[in-house]
Structures are given as structure tokens and as C-alpha cells.
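Listed in order, the protein sequences are those of chains W and Y. Read in order, the letters of the first sequence correspond to residues 1 to 983 in full-length UniProt numbering. Read in order, the letters of the second sequence correspond to residues 1 to 223 in full-length UniProt numbering. Notes follow once the structure below has been shown.
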Amino acid sequence: MAASDFVRGLLIVVYFCFVSSLYEDQIGKFDWRQQYVGKVENLYWEQSPGLGMGKKIFVSTEKNVLAAIHTHNGSIAWRKVFEDGPRGRVNQLLYNDDALVTVIGGRRVIRWDATSGNLIWEFFLPGSTDKPATATLTDKTRGGQVFALSAEGLYGLSMSDGSQKWIVPLSDITTVNYQYVLQSEDTVYVIGSHFGSHVTIVATDFEGSVISTNLVTAAWIKENTKCDIVKHTELLCYDQDTDVFYLLNANRPEKFIPTSLQDQGVTRDSPVTTDWRSPVASLGTDSVVVRLDIDHLAVLQPTDHGLLLKKDLPKFAAGLIIRLDDKDTHRDVLLAVQKINQEELMLKGFELDTGKEIPDLNQNINFPCSHGLPVELTGILARKKDGQLVYKVIILSQDYSIQLIHKSGNVAWKREEALAYTLTVEMVDLPVSENQAKFEDEFGSQEDNILTMFTKRLKTQISQLRTFFERKIQQLQGHRHHPLTLKKIDEDEEEEEELLRDEFNLHKMIVIATAAGKVFGMSSRTGNILWQHYLPDLSPFKSLGKDVLLLYIQRGTSHFPHPPQGVVIGRNKISEHGHLFAFNPITGQLVKEMPSGGVTLNYIVKQAFLLVEIDEQFLKGVVFLDSQDQVHTYPESIQKHLKTVLSSLYIYTCDDETGLMKGYTVSKRENKLYADQVWSINLQKKQQTITQVIPKRTNEHVHSQGRVLGDRTVLYKYLNPNVVVVITEGEETGSQAQTQKGPMNFFNLYVIDTVVGHVIFHANHRRTKGPISVVHSENWIVYSYYSDKQRRYEMAALEMYEGKEQSNATAFSSFVAPKQPFVMRLAFVFPLPISTMTTTITEKGITHKDVIIALKTGGLFTLPKALLDPRRPPTPTQETMEEGTIPYSPDLPVNTEGIINYNQSLSNIQGIYTAPAGLESTSLVLAYGLDIFHTRVEPSKMFDVLKEDFEHWIIASVLAIMFMLSFVTQKLAARKALNRAWK
Amino acid sequence: MKNMQHLLHFLAIYLVHAVSEIIENDSGLGSDFKITGKVEILSSKDKEWLTNTQILVDGGEYIAYPRSDGSFVINGLPSGSFVVEIVNPTYLFEPARVEITSKGKIRARKVNYLQASVVKTIPYPLEFRERRKTNYFQVRDQWKITDFLFNPMVLTMVLPLLMIMVLPKMMNAADPETQKEMQSQMKALNDKSSIPDMSEFLAGLFGSDSKKSSSKSKAVRKK
């Protein structure tokens, strides 16, 4: 027993050598990380009067993040990520007098230290989470209190330690929805609305005693009415149906004063669109900027007689009122931006009292159309000693980007927050240099005879030589002529990368499609964004409860005269029809006749996929199945090619609403292509829902057809390319199922051949729950789940084999499929929570596979597939040792050396993309989510190039010593021979 | 009869108990239990670690952040069993399992995924201390002269070398008569020995003069 333990230990040690881990000196050599915060919802500028204004901004975002961003370079000072879903939602961000307070998940009131980001105190509001709480802060001068309003009462909290000072219980909480808390000099007002009837205003003093309770009739108020607090004590509401603004002063709660903008002389095409969180775009001390349309603003001043229109701003997309403190006077200045052409914004400054333009402030800002329209403007304004006005302005745009602009109109920095919404990633090979392409061309054409091939070879080599010398000369000249500007050139060179393939094809172009409707091209070497497009009409498909955008590379870079082509497919935001955008993935240029926002297809896309075959133009077509079961293609011209391969075209669909999986063949009728259903599988919608469908990757190579066993026979793999894994999740029904511990969850795993609709394998896991992550590759499936019974995360490995004989070695056909494959399974305990996982992929599939697991604790962990092998024997025998399987132990070893992102923790990883590099040993990895991380892994170590730490000088010195020694000994031997001859 | 009454009484109590439990369960949907604890790092006085420390419950279902003294509270939990983990990129901590009954009784124990039934309680409120610094990197094997010298292969080479170099010198120092004696002894020995090539080697060695032997030893070193 001890001996077997020893053997086991030894084997594990041996296998650990395969774990791809890093050396300390490799930090940052080929990996990079980018951190994001998400779409900004609330933004405050830091106010610390002693240290100069606005060193940082504080933001809370849609991604449940609270962060501080440095204003000098846009880097994150600190960031706090909360739970997914409603519990972690940052409902409110308040900032006053250096106190930073958030309301999270509707119930948690937390104060943060603004400089370090540490938590100071947390107060948990009792009650339900249905109605999120709101809060307001007082100044230090007025006691430093936080007034938090929950659904049941108003709490007075101490700012310094978060202790509860008093509570005012509210009445009629079942009918009145208390939503707003306001404060004046010495009074706190709570406003609740009884929909369709009235609002209740409760006034209390700062010590928690109720002063008055008033009812004000407001029959128009509804659940979706949007209100905002203006001028501290006034409530401004907007009623969509009648297009009327209502104003209420909490100090004198008598009635709402209605104001119609038409009466004020504002003309516009359509009433206020409702996708704004509130109609108020910016708050001033006396006036407010109200958004009337996507590019129409108005400045309103609340008065005792209703709202007064101060300025109508048609064609302005975002505006801001800032109070400028001159020596003794206060002036309100309005800054507003207007889009003047595709590439520029015009920022204008107005004096609010007089409505006059301040020409000093007018400025053109470079604003490419890839940002859409500006949505929000915030900033600070100051007067310099010489009387000049300076400002720093932050523009939030439709594409979720944040950019800071100085007085000069220069963009100081930009954050592309759309990247936090990455849905799909592809990596594209960079093109080879022109010379290299010509070189390849030589072998490309088959008509040439030897002589022309030879002349071609000579020509290319001469041109190669020429470019080499030209470059050398350029370099020399560059160094001679511009010795002073050398530094600047270097900087430029850094920015302008050469988009050429490197020797081992390790650097690629990363194409990213995001849910924000933005498509990026990114260099994998540095992570710099090389091109970007904003598609305002594009939104993701909803498929199996998830957002999906399709991104296909139709033509790679290896067909030289033809440019590469990629395509993004999604759904039109309004019409639900398909929306398509085709581009060159290397340069970012649009494909001919492609409008800059993409084209909307005239059908609803039910299924879309990329053909494997290429046409004469080396282009892979995209095939669509629409809701009428008609088949379309992109480009249209590919239909001709498609008709030749119709007999081998099969389509499957999966519908989570009906629980049906259907298979189709395609046939031609009246010159149109139609899909005819051939099979369907009912996955029992009543009991379970389909949550995932996982096919294999089409670009995967399987090098070895089988496994050599201990007795030297071969166990052949079941390599059916048409297989998908379907996961369904459900809750157990029936009398036994309801236990004290709540409902019993289960999930089912089906392995289905999508050509014939045959269920090859089915497994049921009871008392387990998701989220389930699945890796499907070659003949194996690895999936992870949470076992409710054992209360731990488990991982199961499943492998399918044909047996000891292979049915058809050349091509697999589902119609003459081999007999049922036999399936081996084994489960393991994995001690850490998993968010997603995938497997490495290499050029030829010779290298061992690693499973890359994104942990919820922030790590990216590699686990050799050999540990997730269902053939691991419980007790090792001679035969299994011969085969090289590791003896089974239920726990998978997690050792921190396998964490490839070392201390660069990653938040909320949603997916991992792997791509083969030119080296067989290497696989490129991109993990995306709130953060983006790129690195390489070598699952079997670097076996095809010399290691980095290969000690050249030792080898060289040993050789030199050997050489010298042989020389000396030769001399000595000669002398000895001479001496002997003399004897 | 009395017995029966007793039983009924018991039953009634049980029923009341059960009912009250159900009510509590219902109100438990409001789920206001909390877990408290403290994180400490003894090996470093720097408070830098606080900023990037997170407390994860059940792998991120609930997240909390520590206060500046390292203490933390996770509010709004339902009853059940939770795994509390401290996440920090620099330090490693041991997770803890916390069980909250529907009445709000809390106990903490060590996490044991392999044998879930084994209970090893730990004190509550939780106390987390760093186990060690996380090691993410492999150590590069560096070439050191000592490694080379103490290599057994090298040692086995050095010993014969010493014998070849030093022993003949010692012989030379001694007077020629004993040398001759030894040579004859050696010859006698060699004749009997079963390693012919070794004896030849030695014979050749001792037969030659000092220069010859030195050149030979160099040749050996070459190997």
C-alpha cells in the first residue's frame, strides 16, 4: 500500500511537470490585463479643496461596480465589484464633503473611504428588497447625517460610524410607495406616491420627530412616472402621456404646478422618449437641463409659478450647468455639446442669466463617429489667475465610452467601457509581408513550369534583398537626420505597430463584438485598440436565456489578393430582424457596399452558421435560417455554391421556449432554398429547460485517433463531428422532491447527433445545480456543477470510444454511424467555485490539452486534461502504469502555480477564448468579462523551440574549453611522442 | 390515561413548536441573518492588502469587504450552509463553512469537501489568518558551481583523478627500493586480479615517468 502511495505521489509529481506555469521573470512579457468598470450610471468629481479639485472621479456602473478613476490618465484608483444581479446593484451613489456613500442591493447603506476605497461602515436596512432604499447626506456643518429611506421607515444614521440615531416609521406602506427623500436647511422630507391618486409628504426635523404630514393630489402619477429632485427641496416629475412637467415644492406642499413645454414655445417632433433614467440631464443650483430628445435639450428654471424656459437647445446632445465662483459673485455657466460633423463635436459655453454665448469656451472636440452621440456631460470649471476660464469635461457617450477633455479640446484619455460587455471573440492571423506572400505564391499555382518558377524565385529574392537594404538605409538615415527628435519617433513607433505576422504567428488580431453594439480590433501584442465601429442598431440575440452575438471570420489572411473578411450578426434593436455588419478584420475597413451602421436583413434569424467549405473566392458563406424556414446566405452570391453541397447540409435548431430540438435538410423550390424538418427531439419543457448547447470547435484537429493501452492494443476514439452536448436544468416535482431544504434541482446532459437526431448518450445528475460549464472537444466532455447533496463543486469527465476497431478511418458519416460508442465517466471534487472553462487548442492537436478554468476568486487556472481522465484507475496495476494513467483520487489538485494570471485577479469572467499559435506547443488565451486578460500557455512545455532560459553561454564556454583542451593535449601528446622517439 | 395525557401534551407542544418553526421559516424569507468575522495578516504591517481583499460567500453569491481593522459583516443571509472564503492576490487563507439554522444559531467549521460528514468546529465569529504568501511562479533552475562540484558524477570523476595525480607523486617521494617492492607486489596482485585492463592501465602508469603521467591525466580530464 505504501509503495502504491509512493508510486501515486511520484506520478502526480511527474504530471505536475506538465502544468504550464510561469517563471517570475516572465511577468508581463506576453500577458496583459485591462480593467473596466462598465456603463457609468452615476458620476461625481472629487472635491478636496486643499489638494486641488478633481483628482479623481467616482463612478457607479450598471455592472454593479463602484470605482474611483484618476483624472490625469484614466486609470482605476480602486474598484469594488459587487454581486451579480439585484443584490449587488448600486442603487445610489452619494458624495458630499468627502463622504462617499452608496446604497447597494436596495438595503445596504455603505460608507467608503474616498481615498483608499476601504469600507468604513455598513448599515443594513431591515425590510424587503422589493423597493430599493434611497438616501441623502447632510453637510458636516449640519451634523453629518445620512437619511436613508426604506420601504418601511426613515432612518437617521450617523455619518461617522453608521450607527442608527433614530427611526421614523411610515404609515400606509402597503399603498404608498415612498421613493424620494429630500432635505432643506433643517428638515427632511419623505415623498411617497399613491399611484393614480396622490402623493404623501412627511416632514421631519434632523432629530427624527415628525413635523407634518401632507397629502397632495396627483391623479396622473403612475408607476413609471419619472421624478427627480431639483433645487434640493423640489420634485420635478414628467408625465409621458400628456407630455406635461409637474413641479412640487416640499417646503410648501400645496399642489403640483403643471407646465407644458408647448406653451413655453418649444417645438419638437416627438414627445420625450422614455429610455432615460430620468428626464433631468444635469442639475444646477437654480436651473435644470432637461432632455427632450436624443439631441434636444432645454434649460428650465423652477419657480413658484411653474417651470420657466430659460433656453431651448435643439441639436445639442448633452449639457451641463456649472457654478463659477468668482471673487464675490456666482455665475451659472452652461456648457453644451453639439455634433457638427462625423468627426467633431462643438462645445459651447453660455452665460445662463443672460443667455449670451461665452466665446472663450467654444471649442471643437475631436469625436469620431465610433462613439455615437454624447449622452452625458460632467465637469469642473475654474478661472485661472490671469482671468482665463479653464475646464475639464467628461463626456459619456452612447457607446459607453468615457473621455476627458481639456480646455484645448484635446482628448486627454478615453476608456472604452464597451469592452466590459464583450460577447464574442475571434483571433485572426495577421497578414504576411508582401514579399512573403509572393514567396508563397510561387508554390501556389500549379500551371507554372520549372523555368517560370525559377525566375519567380529569383525575382522575389531580389526584391527581398532590396527591401532589406532599403530598410537598413532608412534606419541609418533616420538615426542620422533626426538625432534630436529620436525620442518622439520612438513613441510614434510604439503606437504604430506593424501589422505583420511574426515568425511563430504568436501575435494576432483580436476581433471583439460587444453587447454595446461596438466592434473592436485589438492587437494581441499590446492590447491596443486598432480600429472600432459603433453600430447603433445592433443588439444581441437572446438565445437560451443569454445574450449572443455571432462573429465569423469568412476569409482569413492567407488568400493574398483577396482581403480578409469578418462578419458580425445580431438583431436589430427595434425591428427584431437580423442585423449584419461585414468588415476587414485586420484594417477595420468596411466591405464594399456596406453602410457604416451595418445592414438590417428583412427576416428574423432563427439560426445562423458559417459554412465549412470555401467558394472560388476563398470565402466561407454564412447560412441563415429565418422564422419561415427559408434559407438565406450572406453574401447572396454564395447560394450558387451552396446548391452544389445541398445534399450534405443539415441544420438544427434549439428552442428553449418549447423545449424542442429540430433537425432540417435543405432543398430547392422555385429557385429558393427551404429547410425541411427531418427530426425533432422533445426535451420535456414541463420538467426542464434547455440552458446550453455546446458543439465542438470546427477548427480543431485531432492528431491521434485512439489511445494505446497497456497491452499495446488501440482503443479508438469516437470522433463524430456532428455531435453536440445539450444541457437541460430543472426542478424535481412530485411528493418526495419537496424536502425541507427547498426544491431539488437536477440537470440532464444529452449527447446528440445533429444530422440524424439520435441521442447517443444521456446522463442525469440529481440534487445538483448550475451554473454548469461544459467543455466539449475531441471525444471528451468535461463539465462542472454544484452538488447540493455533498455541498461542493464537482467536475465530471466523460469520454466516448468506438472500441478496439475503427469503423471508418477516412471520413465519418452519421448515417453509417458505428454502433453505440461506449462511454467512460468519472467525477472529481474541485475545491473552488468556477465561473467558466474551456480547453486549449493548438495548431495540429499533438500537444496535450489543458482545461483552463476561470475561478470566481479571480484566478485563471490550468488543469492538465490527464487529471480529468475517466480511465484513471482506482488501484494502479502494471498495465495502467504502462498506459501512463494517473491513479484515481477524488480530489483534483489545485496548486497556485497553475494560476496563469498570477496576482492579476480578474473579475466576472464570462468567457475564455483560445486560439492556436504557429507553434504547436503554444495556445493563445483571452479571458473576457469585466476585465480582459491575454496570455499564452504551453500545456506540454515548450518542446519545439529552445527554452528562454537555455544557457547559451555555458554551452558555448564548455565547447570552447573542450576545443582548447584538445588543442593543448594534442600538443602535449606530440611532445611526448617526440620524447619517446629520442629515447 | 395519565400517560396518554402526557403524550397528548407532548404532541401539542410539538405541534406548537412545528407551527412556530413554519412561521419563522416564512419570516425567514426576509432573510436577515449575518455572518461576522475578522481577517488578519500578521506577516505584514502594511495595510495595503485591505484594498484588494474580498470576502466571498458561496463563490460570490454574497460579497463583503473588510473594514480598516479587518473585520467584516455579511448581511442579509438566509438560513443554510455557506462557505466563506477570503480572496487576496498575495495571501492564501483557509476557507470556513458556516451553518445558520432557521432560528439563527450559527456554528462554524472547517471545510472538508471529501468527507462532508466530518465536523471540526472552529470559533465563531470567524477569524482568518493568512496561511502563507501565494506562490504563482516556478523557480528557474540556476547554474551554480557548487551544484556542479557536488554532483555525484563529478565526484566519481574527481576521486580517480586524485588517485592518478597524487599517488604517483607520493611514490616518487619515497625511496626507490620500496617503490620497486611495491611495483613487484602490484604486479603479483595484478596477475591474480580479474580486471585485466585496469591492471594494464596501472602498470603502464607506474612504468612511465612523471611527465608521461601528467599528460595522461590531462587526457583523462578531457573526457
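Note that the Cβ used here is the ideal one computed from N, Cα and C, for glycine as well. Remember, predicted model here, so these are calculated numbers, not experimental data.
DSSP lists W:Leu-66 as the beta-bridge partner residues of Lys-80 of chain W. Flagged as an interface residue toward chain Y: Trp-78 of chain W, by a C-beta distance shorter than 8 Å. From the beta-carbon of Leu-56 of chain Y, the residues of chain W found nearer than 9 Å are Pro-833, Lys-856, Thr-857. The beta carbons of Leu-906 of chain W and Val-425 of chain W sit no closer together than 8 Å. When Cβ-Cβ separations below 8 Å define contact, Ile-63 of chain Y makes contact with chain W.
Residue-level contact check: Ala-116 of chain Y touches chain W, since one or more beta carbons of chain W fall below 8 Å from its beta carbon.
Across the structure, Ser-128 of chain W and Ile-120 of chain W are spaced so that their CA atoms are roughly 24 Å apart. Judged by DSSP in its simplified three-state form, Gln-628 of chain W adopts coil rather than helix or strand. Only buried fits Arg-89 of chain W, as 16 or more other CB atoms lie within 10 angstroms of its CB.
The C-alpha of Lys-546 of chain W lies about 21 Å from the C-alpha of Asn-682 of chain W.
Pairing Ile-86 of chain Y with Phe-128 of chain Y gives a Cβ-Cβ distance under 8 Å. Exposure of Ala-219 of chain W is indicated by the presence of fewer than 16 other C-beta atoms within 10 angstroms of its C-beta. With a threshold of 8 Å between beta carbons, Ile-909 of chain W makes no contact with chain Y. Less than 8 Å divides the Cβ of Ala-133 of chain W from the Cβ of Gly-106 of chain W. Taking 7 Å as the cut-off between beta carbons, the residues of the stretch 936-956 of chain W near chain Y are Asp-949, Glu-951, Ile-954, in sequence order. Shown here for Ser-558 of chain W: not one same chain residue has a beta carbon closer than 6 Å to its own, the five before and five after excluded. The residue among W:Ser-193, W:Asp-186, W:Ser-184 with its C-alpha nearest the C-alpha of Leu-170 of chain W is W:Ser-193.
Taking C-alpha positions only, Asp-676 of chain W is separated from Asn-779 of chain W by approximately 30 Å. Residue nearest to Thr-204 of chain W within the set W:Val-190, W:Leu-215, W:Gly-196 is W:Val-190 (criterion: CA-CA distance). The Cβ of Gln-138 of chain Y sits closer than 8 Å to at least one Cβ of chain W.
Listed in chain order, the alpha helix (DSSP H) elements of length 4 or more contained wholly in the stretch 393-465 of chain W are 434-444. For Val-605 of chain W, the enclosing beta strand (DSSP E) covers residues 605-614. One finds nothing in chain Y with a Cβ atom closer than 7 Å to the Cβ of Ile-853 of chain W; even the nearest lies about 12 Å away.
Nearest CB-CB separation between Asn-135 of chain Y and chain W: below the 8 Å threshold. Taking 8 Å as the threshold, the shortest C-beta distance from Val-73 of chain Y to chain W falls below it. Within 9 Å of the CB of Asp-891 of chain W, the CB atoms of chain Y belong to Tyr-113, Leu-114, in sequence order along the chain.
For Ile-145 of chain Y, the three-state secondary structure derived from DSSP is helix. Closest by C-alpha distance to Phe-124 of chain W, out of W:Asp-353, W:Arg-87, W:Leu-137, is W:Arg-87. Between Val-568 of chain W and Val-519 of chain W, the C-beta spacing is below 8 Å. Our two residues, Leu-673 of chain W and Asp-629 of chain W, have alpha carbons roughly 9 Å apart in a direct line.
By the CB criterion at 8 Å, Val-83 of chain Y and Pro-66 of chain Y fall outside the cutoff. Any Cβ of chain W closer than 8 Å to the Cβ of Pro-89 of chain Y would place that residue at the interface, and such an atom is present.
A Cβ-Cβ distance of about 7 Å is found for the pair Phe-583 of chain W and His-533 of chain W, placing them in contact under the 8 Å criterion. By the Cβ test, the stretch 511-526 of chain W is not in contact with the stretch 336-356 of chain W, since fewer than three Cβ pairs between them sit closer than 8 Å.
When rounded, the separation of the alpha-carbon atoms in Ile-529 of chain W and His-507 of chain W is 14 Å. In the DSSP annotation of this structure, the continuous segment of the beta strand (DSSP E) that includes Met-795 of chain W starts and ends at 792-803.
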